[in-house]
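**Q**
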Amino acid sequence: MKTTLSIVIPAFNEESRLGDSVRQILEYINKENLAAELIVVDDGSSDATAKVAETVCAEFPTVETNVIRYEENRGKGFAVKTGLLASVGEVALFTDADLSTPISELPKLVEPIEKGDFDVTFGSRALDRNLIGTHQPWRREQGGKVFNLIVRTLTGLPFWDTQCGFKAFGMQKFRPLLDVMQIERFGFDVEFLYVANYHGLRLKEIPVRWNHCEGTTVSVFRDSQRMFSEVRQIRQNAKRGVYDNAK
């Protein structure tokens, strides 16, 4: 059976919760009888993240799996890009390692691409906040709103949540764009959407269920300056024509 869907999980020091997430995804693939592969990208973890992934993947020999590891921590954006480049599915979806958006929400994003209605779909916590089960701490949630306002102002993107870790791509059109992506860390979500929109791909923001999970390695205060800097870099890249040369 030809693989039509690739699921990518970027992971950094996730040994404590990655096993449950990988198992849930592989069980879902089996239950739904999906022609899918799972790719875990260990982004230079200092713990047993890759070993945990390999151990759980071995429990599901009928599902195509691939655990990619490199030694240096390069950032979530680099990990997602690595996973997407290694994928063979016609549609690829990346999800955060904590499954803050349940994998059962997958059809909301994948089916519109399979039907040919859109090229890129991405989960949103902002369009229907009734779908949020466990909220982030207030300060973190407000920080996210401020960041999104800055993104809208600097990039012109009309979306309300660019940072939800649940996005899907029609790879025939999106794969060539990966060659011009520059952002390796937190701003990569914005760059993915910006470049896709810049090249005329059809984007759709879709409300999904979401729950805050403790243990995130992103700090609103520590990382906010870098995130804003990366958004400015995206705008500068566009002015310099960096994104014009996608094959």
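Note that this note's numbering gives residue 1025 to position 40 of the sequence shown, counting from 1, and the numbers run on in steps of one.
All C-beta atoms, glycine included, are put in the ideal place defined by N, C-alpha and C.
By Cβ distance below 8 Å, which residues in the same chain neighbour residue 1109 in space, the five residues on each side in sequence not counted?
**A** For the purposes of this step, residue 1109 is taken as the residue at position 124 of the sequence shown. These residues qualify, in order along the chain: 1144, 1145, 1146, 1149, 1190, 1191, 1192 and 1193.
**Q** Roughly how many whole angstroms lie between the Cα atoms of residue 996 and residue 1021?
**A** Here residue 996 is taken as the residue at index 11 of the sequence shown, counted from 1. Here residue 1021 is taken as the residue at index 36 of the sequence shown, counted from 1. Between residue 996 and residue 1021, the C-alpha separation is close to 19 Å.
**Q** Would you identify the three-state DSSP class for residue 1018, choosing helix, strand or coil?
**A** The residue given as residue 1018 occupies position 33 in the sequence shown. Reduced to three states, the DSSP call for residue 1018 is coil.
**Q** With burial defined as no fewer than 16 other Cβ atoms inside 10 Å of the residue's Cβ, what is the status of residue 1026: buried or exposed?
**A** For the purposes of this step, residue 1026 is taken as the residue at position 41 of the sequence shown. With 16 or more Cβ atoms within 10 Å of its Cβ, residue 1026 is classed as buried.
**Q** Drop a sphere of 10 angstroms on the beta-carbon of residue 1141, count the other beta-carbons inside from all chains shown, and report buried for 16 or more, exposed for fewer.
**A** Within the sequence shown, numbered from 1, the residue matching residue 1141 stands at position 156. By the 10 Å Cβ count, residue 1141 comes out exposed.
**Q** Are residue 1058 and residue 1032 touching if we call contact CB-CB under 8 Å?
**A** Start at 1 with the first residue of the sequence shown, and residue 1058 comes out as number 73. Start at 1 with the first residue of the sequence shown, and residue 1032 comes out as number 47. No, Cβ-Cβ distance for residue 1058 and residue 1032 is not below 8 Å.
**Q** For residue 1049, does the three-state DSSP call read helix, strand or coil?
**A** Here residue 1049 refers to the residue found at position 64 of the sequence shown. Three-state result, residue 1049: strand.
**Q** Could you spell out where the alpha helix (DSSP H) holding residue 1098 opens and where it closes?
**A** Taking the sequence shown and counting its residues from 1, the one referred to as residue 1098 is at position 113. 1091 to 1099 is the extent of the alpha helix (DSSP H) around residue 1098.
**Q** Buried or exposed: residue 1080, going by 16 or more other Cβ atoms within 10 Å of its Cβ?
**A** As a working note, residue 1080 is residue 95 in the sequence shown. Classification for residue 1080: buried.
**Q** Check residue 1004 in the structure and name its three-state DSSP category.
**A** Against the sequence shown, residue 1004 aligns to sequence position 19. Correct three-state label for residue 1004: helix.
**Q** Using the beta-carbon count (16 or more within 10 Å), is residue 978 buried or exposed?
**A** The displayed coordinates of the chain run from 986 to 1232. Any statement about residue 978 would go beyond what the structure contains.
**Q** Just how far apart, CA to CA, sit residue 1116 and residue 1090?
**A** By 1-based counting over the sequence shown, the position of residue 1116 is 131. By 1-based counting over the sequence shown, the position of residue 1090 is 105. When rounded, the distance between both Cα atoms is 11 Å.
**Q** May I ask you to report which of helix, strand or coil DSSP gives residue 1103?
**A** Counting from 1 along the sequence shown, the entry for residue 1103 is found at position 118. In the structure shown, residue 1103 sits in coil (DSSP, three-state: anything other than H, G, I, E or B).
**Q** If you reduce the DSSP assignment to three classes, tell me which class residue 1111 lands in.
**A** The count along the sequence shown starts at 1 and reaches residue 1111 at position 126. If DSSP states are grouped into helix, strand and coil, residue 1111 belongs with coil.
**Q** Please list the terminal residues of the continuous alpha helix (DSSP H) segment that includes residue 1062.
**A** Looking up residue 1062 in the sequence shown gives position 77. Start and end: 1061 to 1071.
**Q** Quick check for students: name the residue ranges of the alpha helix (DSSP H) that lie wholly in the stretch 1123 to 1203, counting only runs of 4 or more.
**A** Here the runs fully enclosed are 1123 to 1140, 1156 to 1159 and 1173 to 1183.
**Q** By DSSP's criteria, residue 1080 is part of a beta bridge. Which residues make up the other side?
**A** Locating residue 1080 in the sequence shown gives position 95, counting from the first residue. Beta-bridge pairing links residue 1080 to 1151.
**Q** Assign residue 1060 to buried or exposed, taking buried as 16 or more other Cβ atoms, counted over all protein chains shown, within 10 Å of its Cβ.
**A** Counting from one through the sequence shown, the residue named residue 1060 turns up at place 75. Buried, by the Cβ-count rule.
**Q** Could you check whether residue 1181 and residue 1163 sit closer than 8 Å to each other, using their CB atoms as the reference points?
**A** Stepping through the sequence shown from its first residue, residue 1163 is reached at position 178. Stepping through the sequence shown from its first residue, residue 1181 is reached at position 196. No. Outside cutoff.
**Q** Rounded to the nearest angstrom, how far is the Cβ of residue 1069 from that of residue 1077, given a contact under 8 Å?
**A** As a working note, residue 1069 is residue 84 in the sequence shown. As a working note, residue 1077 is residue 92 in the sequence shown. Yes, they are in contact, since the Cβ atoms of residue 1069 and residue 1077 sit about 5 Å apart, within 8 Å.
**Q** Looking at the unbroken alpha helix (DSSP H) that takes in residue 1227, where does it start and where does it end?
**A** Within the sequence shown, the letter at position 242 stands for residue 1227. Unbroken run through residue 1227: none, as it is neither H nor E.
**Q** Nearest to residue 1138 by alpha carbon, out of 1170, 1226, 1179 and 1157?
**A** Residue numbering aside, residue 1138 sits at position 153 when the sequence shown is read from its first letter. Cα-wise, what sits closest to residue 1138 is 1179.
**Q** In chain order, what residues of the same chain lie with their CB nearer than 7 Å to the CB of residue 1065, ignoring the 5 residues before and after it?
**A** On the sequence shown, residue 1065 is found 80 positions in, with the first residue counted as 1. Around residue 1065: 993, 995, 1079 and 1173.
**Q** Can you tell me the Cα-Cα spacing of residue 1040 and residue 1001, whole angstroms?
**A** By 1-based counting over the sequence shown, the position of residue 1040 is 55. By 1-based counting over the sequence shown, the position of residue 1001 is 16. Their Cα atoms are separated by approximately 13 Å.
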